[in-house]
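Engineer: Got a structure here, written out as structure tokens. Questions coming.
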Amino acid sequence: MASLKTLKGRIASVKSTQKITKAMKMVAAAKLRRAQQAAEAGRPYAERMEAVMASLASKVVVGPQSPKLIAGTGAEQTHLLVVCTSDRGLAGAFNTNIVRAARKKADDLIREGKTVHFYLVGRKGRAVIGRLFPKQIVHQHDTGAIKQVRFADAQEIAEDLTQRYEAGQFDVAHLFYAHFRSALVQDPVSQQIIPVSMPESSGAVASGVEAAVEYEPEEEDILAALLPRNVAVQIFRALLENAASEQGSRMAAMDNATRNAGDMINRLTIQYNRTRQAAITTELVEIISGAEAL
Amino acid sequence: MADLHFELVTPERLVRSDDVYMVVVPGSEGEFGVLAGHAPFMSTLRNGDIAIYRTAGAEPERIPVEGGFAEVSDRGLTVLAERAEVPA
């Protein structure tokens, strides 16, 4: 049985851990609110972008002369998995889930005989992916200095990706991130970003009203200008969703940790009191039996 | 004459959503002014100032924008800019 002194020490240590997890939960909650606002503020742009892409896609015939970003390279041998994770741990299963989704996809692709490369955004994916696919990480993008995700950050990644694509380093790119549904639920999702999968043109787009739109410059030129931008927008959205998901996940994880620490303190306190009582009883018994012997 | 519904959106936020009289947009093939009832139109932007006229003859409010495109539909004018510097 643990001595009174060690029990006391353990209670104190669990208590200080609880203080830390509680503080982290509070910080995550505050950051979550900001990240969520940013994610919501970014939505109108992404939605309109999608609408414009859809209406353009319904007018432009995709052929071999189309930009490579939409027509593809003609092969689909080399796949690039862009995995967005966070830079910090202690966020529950957040990073694990994203990496697991990417790993599953990679295993499937490898089974089909494709070549798989990884492009990591954020620090936390490196450990697992580096162990499983040590030679397949082509680049690690450092997001450590970024506090609030800016569009320029997404643009930087998009430009790098587009350059690698033009240089023929890969044929298809998939983006992995956690979709933010609520503070408690985040789903890891995978999305093909290169070549651009065109949204199905809905009936409203193909109607006569839209057909009368004048374009300046020509549709093809606008599309060519929009495509790289669209990649950046998709990445930006992923980064924003990821930022919100990370904080949500951390908040839930830290809430759990705080509660577990509370339970543990209760258990230890009971044990401490029992041990103390037992020591007192033993002492009393000794005194009484000593007195009786006289 | 009805007002023109004008929206300026950047990836980071919705900058403006107003009913105004006229907006002059720096298109890549020349500036163009948009009034209410403009025909459906789409153009890419070059870097420059967007001039917003709240009422006819009023002093325009200028917002520098970088990259993006403008779309005129029956719902109004939407400018999707990569960056917009709004004076605080």
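Heads up: the protein sequence lines correspond to chains A and B, in order.
Mapping to full-length UniProt numbering: the first sequence position 182 is 182, numbers consecutive.
Mapping to full-length UniProt numbering: the second sequence position 49 is 49, numbers consecutive.
Glycine residues also receive a C-beta, built at the ideal position from the N, C-alpha and C atoms.
Would you say residue 181/A faces chain B, with C-beta separation under 7 Å as the test?
Structural biologist: With 7 Å as the cut-off, residue 181/A does not count as an interface residue toward chain B.
Engineer: Run through the segment 22-106 of chain A for me and flag every whole beta strand (DSSP E) of 3 or more residues, listed as ranges in chain order.
Structural biologist: For the segment 22-106 of chain A, whole beta strand (DSSP E) runs of length 3 or above, ordered along the chain, are 78-84.
Engineer: The beta strand (DSSP E) that contains residue 6/B, what's its start and end?
Structural biologist: Here the beta strand (DSSP E) through residue 6/B covers 4-9.
Engineer: Name the two residues that bound the continuous beta strand (DSSP E) containing residue 80/B.
Structural biologist: Where residue 80/B is concerned, the enclosing beta strand (DSSP E) stretches over 76-84.
Engineer: Using a Cβ-Cβ distance cut-off of 7 Å, determine whether residue 105/B contacts chain A.
Structural biologist: Residue 105/B lies beyond the stretch modelled for chain B, which goes from 1 to 88, so this question has no answer here.
Engineer: Under three-state DSSP, which class holds residue 201/A?
Structural biologist: In this prediction, residue 201/A scores a pLDDT of 45, lower than 50, which makes its location untrustworthy; the coordinate-derived value is nonetheless stated afterwards. In the structure shown, residue 201/A sits in coil (DSSP, three-state: anything other than H, G, I, E or B).
Engineer: Give me the Cα-Cα distance between residue 120/A and residue 191/A, rounded to the nearest whole angstrom.
Structural biologist: Distance between the alpha carbons of residue 120/A and residue 191/A: 15 Å.
Engineer: If you check the beta carbons only, do residue 31/B and residue 216/A fall under 7 Å apart?
Structural biologist: In this structure, residue 216/A does not lie closer than 7 Å to residue 31/B by Cβ.
Engineer: Measuring alpha carbon to alpha carbon, tell me which residue in 248/A, 264/A, 277/A and 288/A is nearest residue 30/A.
Structural biologist: For residue 30/A, the nearest C-alpha among the options comes from 248/A.
Engineer: Looking at the C-beta of residue 222/A, does it have a partner C-beta in chain B at a distance below 7 Å?
Structural biologist: Output row for residue 222/A: interface = yes.
Engineer: In whole angstroms, what separates the C-alpha of residue 27/B from that of residue 43/B?
Structural biologist: Approximately 6 Å, taken between the alpha carbons.
Engineer: How many Å lie between residue 244/A and residue 85/A at the Cα?
Structural biologist: Rounded to whole angstroms, residue 244/A to residue 85/A spans 12 Å at the Cα level.
Engineer: Please check if any C-beta of chain B sits within less than 7 Å of the C-beta of residue 165/A.
Structural biologist: By this cut-off, residue 165/A is not an interface position.
Engineer: Quick one: what's got a C-beta closer than 6 Å to residue 226/A's C-beta in the same chain, skipping five residues either side?
Structural biologist: If we look at residue 226/A and ignore the five residues flanking it on each side, it has no Cβ neighbours.
Engineer: For residue 126/A, write down the residues that DSSP places opposite it in a beta bridge.
Structural biologist: Note: residue 126/A sits in no beta bridge, so no partner.
Engineer: Whole angstroms are fine: how far does the CA of residue 195/A sit from the CA of residue 210/A?
Structural biologist: Residue confidence for residue 210/A is low, a pLDDT of 47 falling below 50, so the modelled location carries little weight; the figure read from the coordinates is stated next. Rounded to whole angstroms, residue 210/A to residue 195/A spans 25 Å at the Cα level.
Engineer: Which word fits residue 214/A, buried or exposed, when buried means at least 16 other C-beta atoms lie within 10 angstroms of its C-beta?
Structural biologist: Answer is exposed; the Cβ neighbour count stays below 16.
Engineer: I'd like to know whether the C-beta of residue 42/B is nearer than 7 Å to at least one C-beta of chain A.
Structural biologist: Yes, residue 42/B lies at the interface with chain A (some Cβ there is under 7 Å from its Cβ).
Engineer: Contact criterion: CB-CB distance below 7 Å. Does residue 75/B meet it with respect to chain A?
Structural biologist: It does not: the Cβ of residue 75/B has no partner Cβ on chain A nearer than 7 Å.
Engineer: So, helix, strand or coil for residue 52/B, using DSSP?
Structural biologist: Residue 52/B falls in the strand class under three-state DSSP.
Engineer: Rounded to a whole number of angstroms, what is the C-alpha to C-alpha distance between residue 53/B and residue 233/A?
Structural biologist: If you take the alpha carbons of residue 53/B and residue 233/A, they lie about 30 Å apart.
Engineer: Quick one: grab the DSSP three-state call for residue 159/A.
Structural biologist: Of the three classes helix, strand and coil, the one that applies to residue 159/A here is helix, per DSSP.
Engineer: Report back the beta-carbon spacing between residue 17/A and residue 261/A to the nearest angstrom; my notes put them in contact at under 8 Å.
Structural biologist: About 6 Å separates the two Cβ atoms, so the contact holds.
Engineer: From the beta carbon of residue 159/A, is the nearest beta carbon of chain B less than 7 Å away?
Structural biologist: Output row for residue 159/A: interface = no.
Engineer: Using a Cβ-Cβ cutoff of 7 Å, what residues of the segment 38-56 of chain A are near chain B? List them in chain order.
Structural biologist: Cβ contacts with chain B: 41, 42, 44, 45, 48, 49 and 52.
Engineer: Around the C-beta of residue 38/A, are 16 or more other C-beta atoms found within 10 angstroms, so that it is buried, or is it exposed?
Structural biologist: Per the 10 Å Cβ criterion, buried.
Engineer: Is it buried or exposed, residue 258/A, if we count other Cβ atoms within 10 angstroms and call 16 or more buried?
Structural biologist: Counting Cβ neighbours within 10 Å, residue 258/A comes out buried, since at least 16 surround it.
Engineer: Name the two residues that bound the continuous alpha helix (DSSP H) containing residue 295/A.
Structural biologist: Outside the displayed span of chain A (1 to 294) sits residue 295/A, for which this structure offers no information.
Engineer: In three-state terms, what does DSSP make of residue 13/A?
Structural biologist: Correct three-state label for residue 13/A: helix.
Engineer: Are the CB atoms of residue 246/A and residue 91/A nearer to each other than 7 Å?
Structural biologist: Taking 7 Å as the Cβ cut-off, residue 246/A and residue 91/A qualify as a contacting pair.
Engineer: Please list the partners that residue 133/A has in chain B, where partner means a Cβ-to-Cβ separation under 8 Å.
Structural biologist: Here the premise fails: no neighbours, minimum Cβ distance about 32 Å.
Engineer: Round the Cβ separation of residue 228/A and residue 167/A to the nearest angstrom and send it over; I've been treating them as touching at under 8 Å.
Structural biologist: The pair is not a contact, with the Cβ atoms about 14 Å apart (cut-off 8 Å).
Engineer: Can you find the residues in the same chain that come closer than 6 Å, C-beta to C-beta, to residue 202/A, ignoring five residues on each side of it along the sequence?
Structural biologist: Only weak support is given to the placement of residue 202/A: the predicted model assigns it a pLDDT of 44, under 50, and the value that follows is read from those uncertain coordinates. Answer for residue 202/A: no residue qualifies.
Engineer: So residue 40/B is in the beta strand (DSSP E); what residue range does that whole segment cover?
Structural biologist: Unbroken run through residue 40/B: none, as it is neither H nor E.
Engineer: Between the segment 48-64 of chain B and the segment 272-283 of chain A, do three or more beta carbon pairs fall short of 8 Å?
Structural biologist: They do not touch, by the three-pair rule.
Engineer: Below 8 Å on the Cβ atoms is my guess for residue 40/B versus residue 72/B; work out the distance and round it to an integer in Å.
Structural biologist: At roughly 6 Å, the Cβ-Cβ gap stays under 8 Å, so residue 40/B and residue 72/B are in contact.
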